[in-house]
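Take a look at the structure below.
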Amino acid sequence: MSTAILTGQPVPGSPLEGDLRSLGFDVRVASDAADAETLLAAVPGDQRVAVVDARFVGHVHALRLGLTDPRFAASAVPGAVTAKPEARTALTRALRTTAAVPGAATASDALPDDIAAAMESDATDVHRPELGTLVATVPTDPQTRNEARQAVAAVDDEAVRLRTAVKSRDGFFTTYAISPYSRYIARWCARRGLTPNQVTTASLLTALIAAGCAATGTRGGFVAAGLLLILSFVLDCTDGQLARYSLRYSTLGAWLDATFDRAKEYAYYAGLALGAARGGDDVWALALGAMVLQTCRHVVDFSFNEANHDATANTSPTAALSDKLDSVGWTVWVRRMIVLPIGERWAMIAVLTAVTTPRITLVVLLIGCALAACYTTAGRVLRSLTRKATRTDRAAVALADLADNGPLASAFAALRPRVTWLRPAPVLAFVGGAGLVGTALANPYGSPVVVAAAALYIALSGLVLIMPLKAPLDWLVPPFFRAAEYGTVLVLAAKADVNGALPAAFGLVAAVAYHHYDTVYRIKGGTGAPPSWLVRAIGGQEGRTLLVTLAAALLSPADFTVALTALAVAVALVVLVESIRFWVAAEKKGAPAVHDEGEPA
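For what it's worth, the working numbering labels the leading residue of the sequence shown as 5, then goes sequentially.
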């Protein structure tokens with residue numbers, strides 16, 4: 005239970021107390037600032053507390069936005085201010101300061117506004133939500149109160165609440181084919197007490213059933229798979245809209261939403277491969293290639309954003325041109341569709357699954373994602389080269405964490421070899437990765453030359469991180485490492501040319517990709533990278549790559565398949581147990597509530 009303290013002269017007939025109770029507040033009345041301070045001290049320290057002017061007139065949703073959003077420690081709207089437990093000290097200090105002012109909290113004062121201002125003066129970040137057409141005001145006379153009530157009556161706050169439950173920036177397919185009705189599903193869920201996490205789980209289960217239908221290899225199964233994949237996406241949109249509609253954000257929910265999106269899509273790729281195999285067509289290489297390409301695309305986006313999100317003097321003619329194009333209506337949708345965001349991508353996969361074959365579906369997906377990757381990466385490279393920005397230490401640390409170097413590369417870097425002139429870092433990462441994958445392609449299965457190339461790759465991986473990753477294009481290092489590791493596994497499994505090798509490789513890459521996505525979401529959530537012991541335990545990206553090349557050189561194709569399977573299971577168990585433990589613990593410890601607004605591509 006949260007507590008709301010009403011201050012000022014009560015207004016007969018005001019619905020304010022009922023509105024606050026409907027939002028989950030226990031309402032108490034203070035006669036003045038000193039009385040409010042006494043009531044505040046009596047509220048348990050683990051509760052949210054709000055101070056609200058009794059003369060407040062406004063929409064219930066304005067109060068909801070200002071007083072119940074779990075993402076912010078302190079927030080305010082005109083006539084009301086609130087603090088979660090972590091900001092209670094600042095609120096108490098601000099109230100005490102305000103109460104000490106001669107003549108404070110008389111009938112004409114807006115005590116909550118004074119408290120919010122005092123908190124901001126005390127260097128406390130007070131969130132002030134954008135209200136738009138919603139009304140939140142403190143009238144000081146009957147005429148302005150009547151005008152405020154008329155303004156409230158003129159705007160349907162439920163319609164505003166429903167409209168703003170939809171993301172302001174989304175893909176064309178999501179905006180016009182899903183959101184017009186999914187928002188009503190979100191409201192239906194909210195009114196029945198369903199949580200965003202429950203809807204997220206329903207979306208995952210639906211997608212897994214879709215993958216199972218695709219795995220049947222029958223036309224009816226493919227049609228059902230396409231329909232269920234669209235339904236899964238509808239639920240995927242609904243969970244975020246439900247979170248925004250009911251303001252039920254959470255750390256665990258953001259992780260589930262983001263992680264399940266990856267699990268759904270990649271499980272569906274596996275379902276397509278299994279279905280094709282039933283028809284005598286082996287498309288596991290295509291399915292694995294699609295997963296590798298899509299994961300590398302995401303890493304490009306994450307790395308670029310982390311490298312630049314707090315950069316100073318962050319200007320670019322390319323960015324200015326992009327902003328200018330966004331001001332032209334039709335170009336906005338074209339540019340959003342070119343990058344093949346999740347809505348367009350899943351719609352394409354669903355339709356192709358229903359009317360064509362798994363091979364055609366995966367080939368078209370690979371071509372589309374490759375073109376989108378070229379477009380987005382080229383744009384980010386141009387922005388980076390034309391920006392005159394200074395990257396921060398935080399950005400360098402984030403990129404180093406995303407690189408996922410393990411003990412072998414770190415040991416080489418610790419030798420501090422005098423070859424720092426071999427910069428820039430992205431060139432080293434590209435040369436090492438391309439050389440390794442190219443060597444694996446050019447040589448037969450079991451060639452020791454591939455192991456030698458892996459050893460060189462380890463050395464270059466260590467050199468990459470000798471210096472902080474602050475150069476304009478250093479954000480390319482993590483995606484180059486991802487492409488090298490995943491590509492090596494794909495090529496060696498294909499070269500083994502035995503049943504089960506590519507499915508085992510698919511499982512291994514999926515397990516490792518989960519670890520890399522988990523790293524991303526921890527960094528985005530401000531909780532830091534996974535512990536160093538975890539990275540060491542699973543070998544780091546260069547250690548796993550070396551292990552796979554050694555297995556290919558020393559084992560028969562059949563035994564290599566067993567080794568890939570065992571490695572996949574081991575990595576999956578370690579990273580899943582630690583990841584689940586971490587996110588559940590973060591939720592229990594009251595980590596800042598967040599909400600993932602969806603993938604940028």
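Using N, Cα and C, we set each Cβ at its ideal position, and we do this for glycine too. Please read these numbers as outputs of a predicted model, since none were measured by experiment.
- Assuming residue 28 contacts residue 6 under a Cβ cut-off of 8 Å, what Cβ separation, rounded to an integer in Å, is found between them? The Cβ separation is near 6 Å, so the contact holds.
- Pick from 129, 46, 60 and 467 that is closest to residue 87, judged by C-alpha positions: It is 129 whose Cα lies nearest to the Cα of residue 87.
- Message: Please report whether the beta-carbon of residue 472 lies at a distance below 8 Å from any beta-carbon of chain B.
- Response: Within the model displayed, chain B is absent; a lone protein chain is all it includes.
- Message: Using DSSP's beta-bridge definition, name the partner residues of residue 85.
- Response: Looking at the DSSP assignment, residue 85 forms a beta bridge with 55 and 80.
- Query: Under the rule that 16 or more other beta-carbon atoms within 10 Å means buried, what is residue 185, buried or exposed?
  - Reply: Exposed is the call here.
- Residue range of the unbroken beta strand (DSSP E) whose run includes residue 8: Following the DSSP letters along the chain, one finds residue 8 inside the beta strand (DSSP E) bounded by residues 6-11.
- If we ignore side chains and look at the alpha-carbon of each, how far apart do residue 520 and residue 533 end up? Approximately 10 Å, taken between the alpha carbons.
- Quick one: complete alpha helix (DSSP H) runs, 4+ long, within the segment 340-394? The segment 340-394 contains these whole alpha helix (DSSP H) runs: 346-359 and 362-390.
- Query: Can the beta-carbon of residue 403 be found closer than 8 Å to that of residue 478?
  - Reply: Closer than 8 Å, so yes.
- Please list, in chain order, all residues of the same chain as residue 555 whose beta carbon is under 7 Å from its beta carbon, the five residues on each side excluded. Cβ neighbours of residue 555 beyond the five flanking positions: 564 and 567.
- Provide the residue span of the beta strand (DSSP E) that contains residue 30, from first to last. Element bounds for residue 30: 29-33.
- Task: Out of 574, 295 and 45, state which residue places its alpha-carbon closest to the alpha-carbon of residue 542.
- Result: Cα-wise, what sits closest to residue 542 is 574.
- Query: Cα-Cα, which of 445, 450 and 570 is closest to residue 504?
  - Reply: Of 445, 450 and 570, the residue nearest in Cα terms is 570.
- Along the alpha helix (DSSP H) that carries residue 171, what are the first and last residues, could you check? According to the DSSP assignment, residue 171 belongs to no alpha helix (DSSP H), since it is labelled neither H nor E.
- Message: Less than 6 Å between C-beta atoms, sequence neighbours within five positions excluded: which residues of the same chain meet that for residue 266?
- Response: Closer than 6 Å at the Cβ level, and outside the excluded window around residue 266, lie 521.
- Item | Top-ranked residue by Cα proximity to residue 560, from 500, 531 and 577 | Per the Cα distances, 500.
- Message: Check whether the segment 375-383 and the segment 273-283 are in contact - that is, three or more C-beta pairs closer than 8 Å.
- Response: A contact is defined here as three or more CB-CB pairs under 8 Å, and the segment 375-383 fails this definition with respect to the segment 273-283.
- Item | Identity of the residue in 259, 56 and 562 nearest residue 11 by Cα | Answer by Cα proximity: 56.
- Report yes if the CB atom of residue 230 is closer than 8 Å to the CB atom of residue 140, and no otherwise. Contact: no.
- Message: Classify residue 196: buried if its beta carbon has 16 or more other beta carbons within 10 angstroms, exposed otherwise.
- Response: Exposed, because fewer than 16 other Cβ atoms sit within 10 Å of the Cβ of residue 196.
- Spatial neighbours of residue 110 in its chain, beta-carbon cut-off 6 Å, leaving aside the 5 residues before and after: Residue placement at residue 110 cannot be trusted, given a pLDDT of 46 that sits under 50; the coordinates are not used to answer.
- Item | the segment 115-128 contacting the segment 83-103, beta-carbon criterion three pairs below 8 Å | Because the criterion of three Cβ pairs below 8 Å is met, the segment 115-128 and the segment 83-103 touch.
- Item | Within 8 Å, strictly: CB atoms of residue 587 and residue 168 | At the C-beta level, residue 587 and residue 168 stay beyond 8 Å of one another.
- Buried or exposed: which applies to residue 16, given that a residue is buried once 16 or more other Cβ atoms fall within 10 Å of its Cβ? Burial call: exposed.
- Would you kindly work out how many angstroms separate the C-alpha atoms of residue 66 and residue 81, rounded to a whole number? Those two C-alpha atoms are separated by around 8 Å.
- Message: For a quick check, are the C-beta atoms of residue 549 and residue 454 less than 8 Å apart?
- Response: No, Cβ-Cβ distance for residue 549 and residue 454 is not below 8 Å.
- Message: Distance check for residue 90 and residue 112, CA to CA, integer angstroms please.
- Response: The predicted model places residue 112 with a pLDDT of 42, which falls under 50 and marks its position as unreliable; any figure quoted below should be read in that light. Separation of residue 112 and residue 90 (C-alpha to C-alpha, rounded to the nearest whole angstrom) is 30 Å.
- Measure from the alpha carbon of residue 411 to the alpha carbon of each residue in 546, 235, 83 and 530, then state which is nearest. Closest option to residue 411, Cα to Cα, is 546.
- Message: Can you tell me whether residue 179 is helix, strand or coil according to DSSP?
- Response: Helix at residue 179.
- Mind checking whether residue 116 and residue 84 have CB atoms under 8 Å apart? Yes, these two residues count as a Cβ contact at 8 Å.
- Are the beta-carbon atoms of residue 274 and residue 287 separated by less than 8 Å? Taking C-beta atoms as the reference points, residue 274 and residue 287 fail to come closer than 8 Å.
- Message: Count Cβ pairs between the segment 504-515 and the segment 289-304 that sit closer than 8 Å; are there 3 or more?
- Response: Enough Cβ pairs lie closer than 8 Å, so yes.
- Message: Quick check on the burial criterion: 16 or more other C-beta atoms within 10 angstroms. Buried or exposed for residue 535?
- Response: A residue is called buried once 16 or more other Cβ atoms fall within 10 Å of its Cβ, and residue 535, having fewer, is exposed.
- Message: Comparing C-alpha positions only, which one of 496, 493 and 465 sits nearest to residue 481?
- Response: Scanning 496, 493 and 465 for the CA closest to the CA of residue 481 turns up 465.
- Query: Hey, residue 43 and residue 34: beta-carbon distance below 8 Å or not?
  - Reply: Yes, Cβ-Cβ distance for residue 43 and residue 34 is below 8 Å.
- Where does residue 1 sit, in a helix, a strand or coil, going by DSSP? This structure leaves residue 1 out entirely; the chain is present only between 5 and 605.
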